[in-house]
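Asker: Take a look at this one; I'll ask things after.
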Amino acid sequence: MTPQDNRDLFAIADLAREFGISTRAIRFYEAKGLLAPERVGATRVFRRRDRARLILILRGKRLGFSLRDISDYLSLYDANRTQQVSLLIGKVDERLASLETQLEDLQTTISELKEIKKLADDRLDKAG
DNA sequence: ATTCTTACA
DNA sequence: TGTAAGGA
1 MTPQDNRDLF AIADLAREFG ISTRAIRFYE AKGLLAPERV GATRVFRRRD RARLILILRG
61 KRLGFSLRDI SDYLSLYDAN RTQQVSLLIG KVDERLASLE TQLEDLQTTI SELKEIKKLA
121 DDRLDKAG
């Protein structure tokens, strides 16, 4: 409305709509300490800062990090930029290692299934 | 209508 | 996290 006004003020429903998540999820993140929106009475008022943090939360989730990991990372958002980067590197390495293990396990499972299928197909040929 | 908290699944 | 309940 006003020319330079509340483009940095968001209601919980605004963010929920924008990112396709529930208002419940946003409240949940706050309860876990990942978000700390201001309050006008009892109603939450989010600023660009909170929105930026939410984006980081969602990205972290998408990459498979726990809310705890994301929380630890966000906690250093203000002060230790360097420490934050170090933590990030550690978590990323951890995640990468985990994914690589999972990938190996999946490849093993895929190979086993293919072998089973091959044997089963052979039996079908001999029989049918 | 919308949001808030609490509690249970 | 969804859903329900009871208020503001």
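Here the first sequence is numbered in UniProt numbering, starting from 1 and rising by one per residue. By construction, the Cβ of each residue, glycine as well, lies at the ideal position given by its N, Cα and C atoms. Bear in mind that the values here come from a model prediction, so they are computed numbers and not experimental data.
(1) Who does residue 43 pair with in a DSSP beta bridge?
(2) Measure the beta-carbon distance from residue 48 to residue 8 and round it to whole angstroms, keeping in mind my assumption that it falls under 8 Å.
(3) Please list the segments of the beta strand (DSSP E) lying wholly inside the UniProt domain "HTH merR-type" (9-76), counting only runs of 3 or more residues, in order along the chain.
(4) What separation, rounded to the nearest whole angstrom, lies between the Cα atoms of residue 24 and residue 12?
(5) Between residue 36 and residue 26, how many whole angstroms is the CB-CB distance? I'm expecting something under 8 Å.
(6) Report buried or exposed for residue 70, applying the criterion of at least 16 other Cβ atoms within 10 angstroms of its Cβ.
(7) Could you give the distance in angstroms between the alpha-carbon of residue 28 and the alpha-carbon of residue 34?
(8) Would residue 73 pass as a contact of residue 96 if the rule is Cβ separation under 8 Å?
(9) Exposed or buried, which one is residue 57 when buried takes at least 16 other CB atoms within 10 Å?
(10) By how many angstroms is the C-alpha of residue 110 removed from the C-alpha of residue 85?
Answerer: The short version:
(1) One-based indexing of the first sequence puts residue 43 at position 43. Answer is 40, bridged to residue 43.
(2) On the first sequence, residue 48 is found 48 positions in, with the first residue counted as 1. On the first sequence, residue 8 is found 8 positions in, with the first residue counted as 1. Indeed, because the Cβ distance is near 4 Å, the residues count as touching under 8 Å.
(3) 38-40 and 43-45
(4) Here residue 24 corresponds to residue number 24 of the first sequence, with the count starting at 1. Here residue 12 corresponds to residue number 12 of the first sequence, with the count starting at 1. Near 9 Å, if we compare the C-alpha coordinates of residue 12 and residue 24.
(5) Working through the first sequence from its first residue, we reach residue 36 at position 36. Working through the first sequence from its first residue, we reach residue 26 at position 26. No, residue 36 and residue 26 are not in contact; Cβ-Cβ is about 12 Å, not under 8 Å.
(6) On the first sequence, residue 70 is found 70 positions in, with the first residue counted as 1. So residue 70 ends up on the buried side.
(7) If you number the first sequence from 1, residue 28 lands on position 28. If you number the first sequence from 1, residue 34 lands on position 34. In a straight line, the C-alpha of residue 28 is about 9 Å away from that of residue 34.
(8) Locating residue 73 in the first sequence gives position 73, where the first residue counts as 1. Locating residue 96 in the first sequence gives position 96, where the first residue counts as 1. Contact: no.
(9) Looking up residue 57 in the first sequence gives position 57. Buried, by the Cβ-count rule.
(10) Taking the first residue of the first sequence as 1, we reach residue 85 at position 85. Taking the first residue of the first sequence as 1, we reach residue 110 at position 110. The alpha-carbon atoms of residue 85 and residue 110 are separated by roughly 36 Å.
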